[in-house]
Amino acid sequence: MNTDPAVTPAHAGYALDPKLLELLVCPVTKGTLEYDREKHELISRSARLAYPIRDGIPIMLADEARPLDESEVGKR
23 MNTDPAVTPA
33 HAGYALDPKL
43 LELLVCPVTK
53 GTLEYDREKH
63 ELISRSARLA
73 YPIRDGIPIM
83 LADEARPLDE
93 SEVGKR
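Position in the sequence shown (from 1) plus 22 gives the number in my numbering.
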């Protein structure tokens, strides 16, 4: 178990498999996704959405995604 205090209990022990990330695409644009380790989200810059990862499972529903703000859209 991860003891890093920066990792919340909801995220502790979960890491996204890089092979899974290669297979997943944004359900809105079919574009690539980026993994945000700090926020535990999959980012679709083309759709300007962040999909949550809960209990190690990406929630790939546009209704569950949060919109990216302007400062997040340009980050890489």
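Even glycine gets a Cβ: it sits at the ideal position worked out from N, Cα and C.
Tell me which residue opens and which closes the alpha helix (DSSP H) that residue i is part of.
i	result
L43	P40 to L45
E56	Unbroken run through E56 is the beta strand (DSSP E), E56 to D58; no alpha helix (DSSP H).
E101	Here the chain has residues from 23 to 98 only, and residue 101 is not among them.
Who does residue i pair with in a DSSP beta bridge?
i	result
S66	L71
P49	For P49, which the question treats as bridged, DSSP gives no partner whatsoever.
I79	R76
Quick check on the burial criterion: 16 or more other C-beta atoms within 10 angstroms. Buried or exposed for residue i?
i	result
E44	exposed
S66	buried
L42	exposed
P40	exposed
Do you know whose CA, among the options, lies nearest residue i's CA?
i	options	result
A87	E63, S93, D77 and E94	E63
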